[in-house]
Amino acid sequence: MDWELRQWPIQGPAAGGVPDLTIDTAWRDAGANVTLVISSGLHGVEGPFGAAVLQRFFEAWMSSTAPPPANVLAIHALNPYGYACGRRADGLNRDLNRNFLLTGQPYSGAPELYRRLNWFINPPSPPRRLDLALLAAPWIVARYGMRRLAQALAEGQYEFPSGLFYGGAGAAPQHEVLAGLLNNYLHQSDTVLHMDLHTGLGTPGQCMLICDHDLRPDQRDQMQDWFPGHTIRLVAQQQSAYAARGSLGRWIHAQQFCPDFRYVCLEVGTQSAARVLLAMREENRAHHWSAPHTPAYRRAKLRMWEAFYPRRPEWAERAASSATELILHALSRLGGT
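Per our numbering: the sequence shown = residues 1 to 337.
Here you go:
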C-alpha cells in the first residue's frame with residue numbers, strides 16, 4: 001500500500017532565519033480504526049536518532065510480506081530548526097517540550113530555585129575551557145539536593161528568554177501544524193498510540209518509556225502488553241518524577257483527536273545526567289555569546305551532538321535497533337486490537 005508524503009513548512013521567527021525548513025510526514029492508510037504515530041526531533045538535536053529509527057522501521061516494513069492492519073503516521077523533525085542547527089530549542093530559543101501549555105495556562109513564571117540559580121545555569125559569557133563557576137556545583141547540590149534541582153531545571157521557565165528550558169512567550173507554529181495534520185489523519189481512528197522519540201535521559205543505550213498523562217487501569221495493562229519487558233514510567237503517579245509544564249504529551253492527549261489517544265515518550269539514554277546538562281549549558285552559552293566560527297563554539301556544538309547522539313557505533317546500533325523493535329512489536333499488537 002502506498003505512503004502519502006507531505007511537507008509542512010516552518011517559517012518566521014521560529015525558523016531562526018534558516019530557509020526551507022519543513023516537518024516531514026509519511027502516512028499509510030490501511031482503512032483501519034487503529035493508528036500508530038511515530039514522531040521525532042521535538043528537541044531538534046535528537047533528530048538524527050529519530051531518523052535512524054525511522055529508516056530501520058521503513059526497511060522492516062518493506063521487507064514484510066503482511067504488514068499489520070493498522071494505519072501509520074510518521075512525523076520527522078518536529079523542530080526542524082534545532083535539527084538543522086544542532087540545538088534542542090527552536091529559532092526563538094523555545095524548548096518545544098515546554099511550549100505546549102494547556103488552555104488557560106499562562107506563558108509566564110519560573111521556579112524560584114531556577115531564578116536563584118540563573119547566574120549558574122545561564123552565564124552571560126562565552127564558554128571557557130576552565131569554567132570556575134563549576135566549582136560551585138558540589139555546593140549547590142549539597143545545599144539544595146538533586147531532586148529539587150532537577151525539578152527546578154526541567155519544569156520549564158518563561159522568564160529568561162536566553163535560558164535553558166525556556167518555554168516561550170506564546171505558542172510555536174508547531175501547535176497549528178500538529179493540530180492540522182493530526183485532525184486530518186486521525187479523524188477515523190478509535191485508538192491511537194503515539195510514540196515520541198527522544199534521547200539524553202536514562203541508562204546509556206537503554207530504552208525507557210514515559211507517559212505523562214493519566215491512564216485508566218485497563219489502558220495501562222494493555223500498554224504493558226504492547227511493551228513486554230519494559231515498565232512504563234507513569235509521571236502522574238510517581239512522586240520521584242519531575243512535573244514539566246508545556247509537555248507535548250499532555251497537550252496532545254488533551255486535544256482528544258480520537259476517543260482513545262495514548263502518548264508515550266521513548267527515551268534512550270546517552271551519558272550521565274550531569275554530562276548532558278553541562279553540554280546543554282555550554283552549547284546555550286556558545287549560541288548566545290560566541291561567534292559561530294570560534295573554537296569555543298565548535299567545541300560546544302560537538303559536545304552537544306555527543307550528548308544526544310553519541311558517535312560510538314555500539315551505542316547507535318543498540319539504541320536504534322532496540323527502539324525499532326519496540327515500535328514494531330507495539331504496531332503488531334495494536335493491529336491485533
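For every residue, glycine included, the Cβ atom is placed at its ideal position computed from N, Cα and C.
Item, Value
"What beta strand (DSSP E) runs, 3 residues minimum, are completely inside the region 32 to 87?", "34 to 39 and 71 to 76"
"From Leu-73 to Ala-133, what does the alpha carbon distance come to, in whole angstroms?", "45 Å"
"Compare the Cα-Cα distances from Trp-139 to each of Leu-117, Gly-156 and Leu-130 and report the closest residue.", "Leu-117"
"So is His-373 buried or exposed if we call it buried at 16+ other beta carbons inside 10 Å?", "Outside the modelled stretch of the chain, which goes from 1 to 337, sits residue 373, for which no answer is possible."
"Pull up the distance between the alpha-carbon of Gln-206 and that of Ala-244, whole angstroms please.", "22 Å"
"Taking the alpha-carbon positions, what's the Ala-154 to Cys-258 distance?", "29 Å"
"Please name the residue in Trp-251, Tyr-297, Tyr-263 and Leu-5 whose C-alpha comes closest to that of Gly-104.", "Trp-251"
"Would you kindly check if the distance between the Cβ of Leu-186 and the Cβ of Thr-25 is under 8 Å?", "no"
"How far does the alpha helix (DSSP H) with Trp-251 in it extend, from its first residue to its last?", "248 to 254"
"Measure the alpha-carbon distance for Arg-298 versus Ser-125 and round it to whole angstroms.", "16 Å"
"In three-state DSSP terms, what is Leu-197?", "strand"
"Drop a sphere of 10 angstroms on the beta-carbon of Val-192, count the other beta-carbons inside from all chains shown, and report buried for 16 or more, exposed for fewer.", "buried"
"Grab the span of the beta strand (DSSP E) containing Gln-7 for me, first residue to last.", "4 to 9"
"Okay, do the region 297 to 316 and the region 264 to 282 touch, 3+ Cβ pairs below 8 Å being the bar?", "yes"
"Give the DSSP-derived three-state secondary structure of Glu-325 in the structure shown.", "helix"
"In terms of residue numbering, what span does the alpha helix (DSSP H) encompassing Val-149 cover?", "Sequence check: residue 149 is Leu here, not Val. Residues 146 to 154."
"What do you get for Trp-119, buried or exposed, if any count of 16 or more other CB atoms within 10 angstroms of its CB means buried?", "exposed"
"Could you check if Glu-46 is buried or exposed, using at least 16 other CB atoms within 10 Å of its CB as the buried criterion?", "buried"
"Determine the burial state of Met-223: buried for a count of at least 16 other Cβ atoms within 10 Å of its Cβ, exposed for fewer.", "buried"
"Would the beta-carbon of Leu-178 fall within 8 Å of that of Tyr-81?", "no"
"Mark Arg-147 as exposed unless 16 or more other C-beta atoms lie within 10 angstroms of its C-beta, in which case mark it buried.", "exposed"
"Please state if the CB of Leu-197 and the CB of Met-208 are separated by a distance shorter than 8 Å.", "no"
"If you drop the 5 nearest sequence neighbours on each side, which residues of the same chain put their C-beta closer than 8 Å to that of Leu-54?", "Ile-38, Ser-40, Ala-74 and His-76"
"Alpha carbon to alpha carbon, what distance is there between Phe-227 and Ser-240?", "Confidence is the limiting factor: at Ser-240 the pLDDT is only 47, short of 50, which leaves the residue's position unreliable and the question unanswerable from this model."
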